[in-house]
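Scroll down for the structure; my scribbles are underneath it.
There are 2 protein chains.
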Amino acid sequence: MDKTIDRTAYANPGDIELTRKAAGDNVELVTDRLRKMMPECGFGELGTCCVMCYMGPCRIDPFGQGTRVGVCGATPDVIVARNFLRSATGGASSHAGHARELAILLLEIAEGRAPGYKIREEGKLLSLAEKLGVPIDGRPVNAVAADVARKAFEDFGRQDGEPMNWIRARASRKEYEKWEKLGLLVSNPHNEIETAMHRTSMGNDADPMNLWIATLRMGMVDNFGGLMLATDLSDVIFGIPSPKVVTANYSVLKEGEVNIACHGHNPILASKVAEWADRLEGEAKAAGAGRVNVVGICCSGNEMAMRYGIPYAGHEAQTELFLVTGAIDAMVVDIQCIWPSLPAIAKCYKTRFITTVPFVRHPEAIHVDFRPEEADERAQEIVRHAIAAYGERKAAGIRARIPDVSSKLMTGISVESLVSVLSAVDAKDPLKPVIDAIAAGEIMGAVGMVGCPNPKLRDGAMAEKMAEGLLRNNVLIVTTGCVNHILAQGGFLTSDATERYAGPRLKKVLTAIGHAAGLGGPLPPVLHMGSCVDNSRIYDLLAALAGKLGVEISQLPVAGSAPEFITEKAISIGTFFLAAGILVHVAPAPRVFGSPFAVSLLTEKLPGVNGGKVLVAATPDAAVSGILAHLREKRQALGLPLS
Amino acid sequence: MDKTIDRTAYANPGDIELTRKAAGDNVELVTDRLRKMMPECGFGELGTCCVMCYMGPCRIDPFGQGTRVGVCGATPDVIVARNFLRSATGGASSHAGHARELAILLLEIAEGRAPGYKIREEGKLLSLAEKLGVPIDGRPVNAVAADVARKAFEDFGRQDGEPMNWIRARASRKEYEKWEKLGLLVSNPHNEIETAMHRTSMGNDADPMNLWIATLRMGMVDNFGGLMLATDLSDVIFGIPSPKVVTANYSVLKEGEVNIACHGHNPILASKVAEWADRLEGEAKAAGAGRVNVVGICCSGNEMAMRYGIPYAGHEAQTELFLVTGAIDAMVVDIQCIWPSLPAIAKCYKTRFITTVPFVRHPEAIHVDFRPEEADERAQEIVRHAIAAYGERKAAGIRARIPDVSSKLMTGISVESLVSVLSAVDAKDPLKPVIDAIAAGEIMGAVGMVGCPNPKLRDGAMAEKMAEGLLRNNVLIVTTGCVNHILAQGGFLTSDATERYAGPRLKKVLTAIGHAAGLGGPLPPVLHMGSCVDNSRIYDLLAALAGKLGVEISQLPVAGSAPEFITEKAISIGTFFLAAGILVHVAPAPRVFGSPFAVSLLTEKLPGVNGGKVLVAATPDAAVSGILAHLREKRQALGLPLS
C-alpha cells in the first residue's frame, strides 16, 4: 500500500474541548466508562461464552483449560455460531421493525389515517408498484400505495415458503440466481427471526455450517425485509435525497436559538419535529429566542440532511458531548443507538430528554407517545417542550459552550440523484463515465465505508485514516451511517477534499465529472448515500454497475468496511454484503475467533463459494492494504489494468 | 412445613450402573462436563454480562469494582432485564415454531397434501372452530380445518394490533380482562419476537419496567402462540390423551428387538416412526429381531405415552445414558433439548443418530429430511436405518446392558379425560368433587411441577423430594415435561403412590375418586398432563376451576414449580404463569440477582399487581415450605380452612 498516509491527528477540537468541560462538570463520558471496563472479558470477545441454558453459563478456554465443550456438549464452533446468529438476529430485527413501521405508515397515509404525512414521490411509488406486480393503470395513488404496503405485510405473514416479494421485485438477477442455488432466498422475515432464536436455543442446531447459512439468510432478511424496504418506503413518503451542501459539526448549534437535537433513525419523527420547529417560530420568538434550530444526530442526522438539508450535528459517540455543550433545549429520540447514559447527562444541563417510541423508554426521560395518526399534535408538544426549556434554562443560568468547529459536506447521493448528476456527462448512458473510469484504472475500485464510531477505535481515527489511504490510492468511497459524520467532520465530503486527498487519477475523473455536472468543482471523493438503512442504496448501485457489465457483484473491484462498528445492526448489514459476495472489512474483531470453523469459513472457504470474505484489521494500514490487495485481485480477474 | 420428609436417596440404580459403564467405555457424560465447567461465571449467573454491542463485552461487578454501568450507560437493571427478555424470546420462539409447524400440517391435511396424517378429533376441531368464529354448520371437516389453520396464520401475520385470535378464543374471562388492563394482550407473536430483539439491542429500551412488561408479554406469546396452539392442534391431529398405564425407565429397551428411541418434542415425527415400527415388523424379523420397539425420551416420550401408550423411556439428562446401554439401534430426533454431545456417544455404540429437521442438524448425524408430505416414506427410511443398524451392531459385537429398572405410571390426564374420570363421581358437575375437596381442605392446594432435569440439582433429587414434601402436606401435583419422567421413575404416578406418599386427607379423597371412577384403586397423587407444551392444559384446568368458583386464577391455592429447569423454554413458560398471576418456584436461581429492580419486582411488587410471584429456592425444604406458605395465604384469603 501507499506509505504516504498523513499521520495528522484527526481529533475533533470540539470533542477535546467538551471532554474537558465534562470533566469540570463532573459528567462521566463513554471514554471514562470504557477505561473502567478494561480489560473486557476474553471469553466474550472470542465468542465462546454461552448462556443459552441453565446448565451453564459455560465458557471455553482457548488454551484448553477446563472443558473443551459446553455442559450440553456444544463445541466452540457451535457456541460461536449460535451467538453470532443471535447478534445478526438482533440487528435484522431492528431493521425489520424500522421498515415495518414505514409500511404501517404508508397504509395509514393511503387510508387517510395519518393526515400529517403524504406521498411525496409518486414516481418512485409507481415504479416500486410495477416491480411488485401491483396494478397501477388508472388507479388512484392511494390505492396503489395501500397495495404496496400490503405487499410488505404479505412478506411478514407468508407461510408458503415462496421468496419474499421484496426479493423477487428488487434483487439483481445474477445474485438472485446465486442466492437460489445457495438456499438464501428467504420467505418471511419473521419466520427467519423466530427460527433463528429457536435453532440457537439449547439442544437445537449443532451444525456450525447450518448455523452460518442461517446467518447469511439473516443478512438477506436484514437487506430485503429491513434496509431496502425502509429506504424504498422512506423515499416514497419523505422524498428521494438529492445533492445539497449542508453544515456539520458542533457549530450547528446556535446560541440564542431554541436548539432541538433529533437522535435516532426513523424520519417519521424527525421530519415532523423539523416541520413544526419552523411553524412555531413565533412561539420561540415570544420566548426570547431567535428561532427553533433543529439539528440531526446519528442516522436521524443522515435522514434529515440528505433530504431536507437540516444541519448535520454529529455521530453517536458525540451525543454525550452535544449535551455537554449545555446548548441543547431538547434531545428527541426514536429508536436505536440511544445510549442509556444520555438522560442523566441531559439533566445536568436541564435539557429535556424526550423519548417517543413505546419500546424505547428510559425512567429519567419525558415520554411523548408519538404516533403517526397524531404526528402534528405530538410534534408541536415536543417543540413546545424545547421552547419551554429554553426559558427555564436561561433562567437557571445554564451557560452554553459551543465549540467553534464547522465543516461542510455534500450529501444526498441516492442512486437516482447520482444517475441524474452523471446524466450531465452522458445523458444516454449515465453510468458509462464511471464504468469507463473503473475500466481505465482512473477509479481503482470503490469501498463502502459504513457503520459506527466505536470509542475503542475513535481515538486512533480509524475511519479518517482509512479514507485517506484509500483515496490516495484512487479508490472512490461511498458512505452511510455515523462513519459519514466522522468523514464529514474530517472534511472528506467536499470538492476541496478531492484536491487534497484523491490520488491523481481519481482527482482527474472526479474533476471532470464535477465540471461536466456543473457542480462548480470536482465531485467529492466520498459520496454520502445516507443512513444505515441506506446501505441498500449501495447494493442498488453495485447491482446497477454489475448489471451493466454483465457480471456478478462479487466480480467488481469493490469492498465494504465497517471500520469502527458497534451494533448488532452492523453485523446483520455486513452479513448481507457477505451474502452478496463482497469483501467486508471489520474492526474491532468480530466475536468468532474462538471458532476455527468460523475463521476458516469467513476468510478462506466462503470466498470460493460466493466471493464473500471477512477481513479483520484493526489498524488503518492493515485495513487499507488488505482492501487494496482485494481490489487488485478483482481487477486482475476482470483483465483490468492494475495501476 | 412438615419435617417428616423421607431422606431416602432417589438415585435411579440404572443411572448409577450406566454412569459406571460410561466411565469404563471412556464416554464423557454431562456430569463430567459440568464438573469441569465449575465454577461457572458469576457475572453470567447474576445476569450482569452484556454482549449486545461491540463497545463491550461489559460486566458489572456487584461489589462495585470497576464501573457500575456498561460502556453505553446501561445499568445492571437494564442489562439483566434485556438478557432475561432475550432468554424468554428464545423460549417463546421455540414454542411458536413448534406450534406453527402443526398449523402448517393441519392446512396440509385439510388440502390433502399430507396423506400420512388425518384429523383424529373432529369434536375438538369443531369446538375450537366455534371458539375461533369459524363457521362449521354443513361444512366438510377439511374446510373447517383449513380455516382453523388460517386463523393461526392470521395471528402470525396481523399488523392491526388486535389481540390474537387464540387469546380471544381461549383465554379465561377474568384473566382476559386483567391482561387487557395490564397491556398484555399481544397481537402478533412474531411482531413481539421481532420487537423484543429490537428493543434489547444496544441503545433501545432502557426502562427496566418496560422491559419486564415485554417479558410478561413474551409469556403470553409463549402460551397462546406456542403451548396452547400446539396442544390444541396436536389433539386435533393426534388425538386427545386418555388415561392409560405405561411402563417407564431403562427396562423399556428390549434385547433381541430393534430399539428406536424417539427424542425431541413434536408428535409429527414420533407418531409416524411408531406407526412404521409396527408395519415393518416383518423386516425386523427377517433381520433376526423380534420386532421394532419404539420408546420415547424427553417430551417425545410424553407425547407418545399419553396418546398411544408407547413406553416411556427417560428424561433429557438420561439421554446419554440410554445410548450407553448399547441397546439402541437408532436415536431419532426432531427439535429442542437434543444435546450436541449425543452423536459422538451414539457412534461409540454404532447407534445411528438421525436428525430430521432442517434447522436442527449435527455434523456427525445422519440426516433424513422428514417432511409431512412424505412422512410415510421418510418414517420407513428411519425404521429401516434402525433395522440395518441392528444387524451391523450384532455383527460388530456391541453388547447391550439394560439396567433392570422399571416402573409404571398412569398417564394421559388431559382436561377432557380428567373431566371424564370425574364424571364417574358426579356426572352433572364433574369438577365439583375436586372443588369440594379443596374447599374442605382435603386437597390443600395444587402444584404444577414442570420442566427439566438439571444435572446441577439432579444428584440431590430436588424434584422427588419436593413432590414427597408436597404430597405429605395434602397438596395434589400435576406434571408435564421431563419432571414427569423423574417422578414416574420415582414411582409417584401410581395408585400405590397415593398410599405411600399422600397425606391422610389427600389419600382419602383420591381413594374415593379412584374407586368411584372404577380405577381399581386410588387416583395417583401426581397427575401427568403431558409434555412441555401441555402446560397449556394446566392453565385450562386452572381456568376451569377458577371460572367455576367465580374467582381469578391468582386467587386459587395453587403454584407452579420448575424445580430443576434448564431451558429458555422454561423461562417463557414460567413468565406466562407469572402473567396469569401464579406463584412460580424455580431452581436454579434465575439470572436476575444482579438487578435489585428485578428482584424487587418479581418477589415484592408483582404480587400486588396481578398475583404473580417468583420464589427462588434451591433446596427441597425451602421450596416446599415457601409453596405451602403461599397456598395457606391463598386459602386464608378465600376463607378456606388451613388444616
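The listed protein sequences derive, respectively, from chains W and D. This note's numbering numbers the first residue of the first sequence as 4 and each following residue consecutively. This note's numbering numbers the first residue of the second sequence as 4 and each following residue consecutively. From the three backbone atoms N, C-alpha and C, an ideal C-beta is built for every residue, glycine too.
Q | Chain-ordered chain W contacts of D:F156 [CB-CB under 8 Å] | A | Translated into positions along the second sequence, residue 156 of chain D becomes position 153. The contacting residues are G160, Q162.
Q.
In this structure, how does DSSP classify W:H268 when only helix, strand and coil are distinguished?
A. Within the first sequence, the letter at position 265 stands for residue 268 of chain W. DSSP places W:H268 in coil when its eight states are reduced to three.
Q. Sorted by chain position, which residues of the same chain lie with C-beta nearer than 8 Å to W:I8's C-beta, five sequence neighbours on each side aside?
A. Residue mapping note: residue 8 of chain W aligns to position 5 of the first sequence, counting from 1. Residue placement at W:I8 is poorly supported in this model, since its pLDDT is 39, which falls under 50; the coordinates still yield a value, given next. If we look at W:I8 and ignore the five residues flanking it on each side, its Cβ neighbours are K468, E471, G472, R475, P623, D624, V627.
Q) Anyone know if the C-beta pair for W:P346 and W:A368 falls short of 8 Å? A) Taking the first sequence and counting its residues from 1, the one referred to as residue 346 of chain W is at position 343. Taking the first sequence and counting its residues from 1, the one referred to as residue 368 of chain W is at position 365. A contact, by the Cβ cut-off of 8 Å.
**Q.** W:H370 to W:L105 span [Cα, whole Å]
**A.** In the first sequence, the residue the question calls residue 370 of chain W occupies position 367. In the first sequence, the residue the question calls residue 105 of chain W occupies position 102. About 21 Å.
(Q) For D:M221, count the other beta carbons within 10 Å of its own beta carbon; 16 or more makes it buried, fewer makes it exposed. Which is it? (A) Numbered from 1 along the second sequence, position 218 holds the residue referred to as residue 221 of chain D. D:M221 is buried by the Cβ-count criterion.
Q. How big is the Cα-Cα spacing for D:T482 and D:D462?
A. Residue 482 of chain D sits at position 479 when you count from the first residue of the second sequence. Residue 462 of chain D sits at position 459 when you count from the first residue of the second sequence. Approximately 20 Å between the Cα atoms of the pair.
Q: Ignore the nearest five residues each way along the sequence and tell me which others in W:G17's own chain have a CB closer than 7 Å to its CB.
A: Here residue 17 of chain W is taken as the residue at index 14 of the first sequence, counted from 1. N252, Y253, P406, V408, listed in sequence order.
**Q.** Length of the line joining the Cα atoms of D:A99 and W:Q321
**A.** For the purposes of this step, residue 99 of chain D is taken as residue 96 along the second sequence, with counting starting at 1. For the purposes of this step, residue 321 of chain W is taken as residue 318 along the first sequence, with counting starting at 1. Between D:A99 and W:Q321, the C-alpha separation is close to 41 Å.
Q. Are the CB atoms of W:A440 and W:V336 nearer to each other than 8 Å?
A. Here residue 440 of chain W corresponds to residue number 437 of the first sequence, with the count starting at 1. Here residue 336 of chain W corresponds to residue number 333 of the first sequence, with the count starting at 1. Contact flag unset, no.
(Q) At the level of alpha carbons, what is the spacing between D:P644 and D:N226? (A) Taking the second sequence and counting its residues from 1, the one referred to as residue 644 of chain D is at position 641. Taking the second sequence and counting its residues from 1, the one referred to as residue 226 of chain D is at position 223. If you take the alpha carbons of D:P644 and D:N226, they lie about 33 Å apart.
Q: Express the C-alpha separation of D:K616 and D:G642 in angstroms, rounding to a whole number.
A: Along the second sequence, one-based indexing puts residue 642 of chain D at 639. Along the second sequence, one-based indexing puts residue 616 of chain D at 613. Approximately 21 Å between the Cα atoms of the pair.
Q | Backbone secondary structure at W:S420 - three-state DSSP | A | For the purposes of this step, residue 420 of chain W is identified with residue 417 of the first sequence, where counting begins at 1. Correct three-state label for W:S420: helix.
Q: Compare the C-beta of D:D728 with all C-beta atoms of chain W and state if any pair is closer than 8 Å.
A: The requested residue 728 of chain D is not part of the displayed model; chain D covers only 4 to 646.
Q) Can the beta-carbon of W:T497 be found closer than 8 Å to that of W:L526? A) In the first sequence, counting from the first residue as 1, residue 497 of chain W sits at position 494. In the first sequence, counting from the first residue as 1, residue 526 of chain W sits at position 523. Cβ atoms of W:T497 and W:L526: not closer than 8 Å.
Q: Mind checking which residues open and close the beta strand (DSSP E) that includes W:T358?
A: Looking up residue 358 of chain W in the first sequence gives position 355. Counting along the chain, the beta strand (DSSP E) containing W:T358 begins and ends at 355 to 358.
Q. Quick one: any contact between the stretch 161 to 176 of chain W and the stretch 128 to 139 of chain W, if contact means 3 or more CB pairs under 8 Å?
A. yes
Q.
I need the DSSP call for W:M309, collapsed to helix, strand or coil.
A. In the first sequence, the residue the question calls residue 309 of chain W occupies position 306. In the structure shown, W:M309 sits in a helix (DSSP, three-state: H, G or I).
**Q.** Start-end ranges of the beta strand (DSSP E) lying completely within the stretch 208 to 263 of chain W, minimum 3 residues
**A.** 247 to 251
Q. So, is the C-beta of W:F362 closer than 8 Å to a C-beta in chain D?
A. The residue you call residue 362 of chain W lines up with position 359 of the first sequence. Closer than 8 Å to some Cβ of chain D, the Cβ of W:F362 qualifies, so yes.
Q) Which residues mark the beginning and the end of the alpha helix (DSSP H) in which D:G394 is found? A) What you label residue 394 of chain D is simply residue 391 of the second sequence in a count that begins at 1. Its alpha helix (DSSP H) spans residues 378 to 398.
Q: Starting from the Cα of W:K247, find the closest Cα among W:Q639, W:N305, W:M223, W:A290 and give me that residue.
A: Locating residue 247 of chain W in the first sequence gives position 244, counting from the first residue. Closest by alpha carbon: W:N305.
**Q.** Beta-carbon neighbours of W:R503, restricted to chain D and to distances below 9 Å
**A.** On the first sequence, residue 503 of chain W is found 500 positions in, with the first residue counted as 1. The premise fails here: W:R503 is roughly 31 Å from chain D at the closest Cβ pair, so nothing lies under 9 Å.
Q: Can you give me, in chain order, the residues of the stretch 82 to 107 of chain D that have a beta carbon less than 9 Å from any beta carbon in chain W?
A: N86, R89, S90, T92, G93, G94, A95, S96, S97, H98, A99, G100, H101, R103, A106, I107
Q) Using the C-alpha atoms, what's the distance from D:G47 back to D:R176? A) Counting from one through the second sequence, the residue named residue 176 of chain D turns up at place 173. Counting from one through the second sequence, the residue named residue 47 of chain D turns up at place 44. One C-alpha to the other measures close to 39 Å.
Q: Check the C-beta distance from D:H318 over to D:H488 and give it rounded, since I have them as a contact under 8 Å.
A: As a position in the second sequence, residue 318 of chain D is number 315, starting the count at 1. As a position in the second sequence, residue 488 of chain D is number 485, starting the count at 1. So it is a contact: roughly 4 Å between Cβ atoms.
Q) When Cβ atoms are compared, which residues of the stretch 217 to 242 of chain W fall closer than 9 Å to chain D? A) A217
Q.
Output needed in chain order: residues of the stretch 579 to 591 of chain D with a Cβ under 8 Å from some Cβ in chain W.
A. P591
(Q) Can you check whether the C-beta of D:S204 is within less than 8 Å of a C-beta belonging to chain W? (A) Position 201 of the second sequence holds residue 204 of chain D. Yes, D:S204 counts as interfacial toward chain W.
Q: Taking D:A547 as part of the alpha helix (DSSP H), name the residues at either end of that continuous run.
A: Position 544 of the second sequence, counted from the start, is the residue given in the question as residue 547 of chain D. D:A547 -> alpha helix (DSSP H) spans 538 to 552.
Q: Output the distance between the C-alpha atoms of W:I107 and W:G229, rounded to the nearest integer angstrom.
A: Indexing the first sequence from 1 puts residue 107 of chain W at position 104. Indexing the first sequence from 1 puts residue 229 of chain W at position 226. Going by the C-alpha atoms only, they are around 14 Å apart.
Q.
Residues in the same chain with beta-carbon distance under 8 Å from W:T11, minus the five sequence neighbours each way, listed in chain order, please.
A. Along the first sequence, read from residue 1 onward, the residue named residue 11 of chain W stands at position 8. Its pLDDT being 49, under 50, W:T11 is placed unreliably in this model, and the value from its coordinates should be taken loosely. Correct list: empty, nothing qualifies.
(Q) List, in chain order, every chain W residue whose beta-carbon is nearer than 9 Å to that of D:T570. (A) Counted from its first residue, the second sequence places residue 570 of chain D at position 567. Residues of chain W passing the Cβ test: M55, C56, Y57, S204, M205, G206.
Q. So, do the stretch 280 to 287 of chain W and the stretch 445 to 454 of chain W have three or more beta carbon pairs nearer to each other than 8 Å?
A. no
Q | Spatial distance of W:P591 from W:G164 (CA atoms) | A | Sequence index remark: in the first sequence, residue 591 of chain W carries index 588 (1-based). Sequence index remark: in the first sequence, residue 164 of chain W carries index 161 (1-based). The straight-line gap from Cα to Cα measures roughly 36 Å.
Q: Specify the secondary structure class of W:L530 as computed by DSSP and reduced to three states.
A: By one-based count along the first sequence, residue 530 of chain W stands at place 527. If DSSP states are grouped into helix, strand and coil, W:L530 belongs with the strands.
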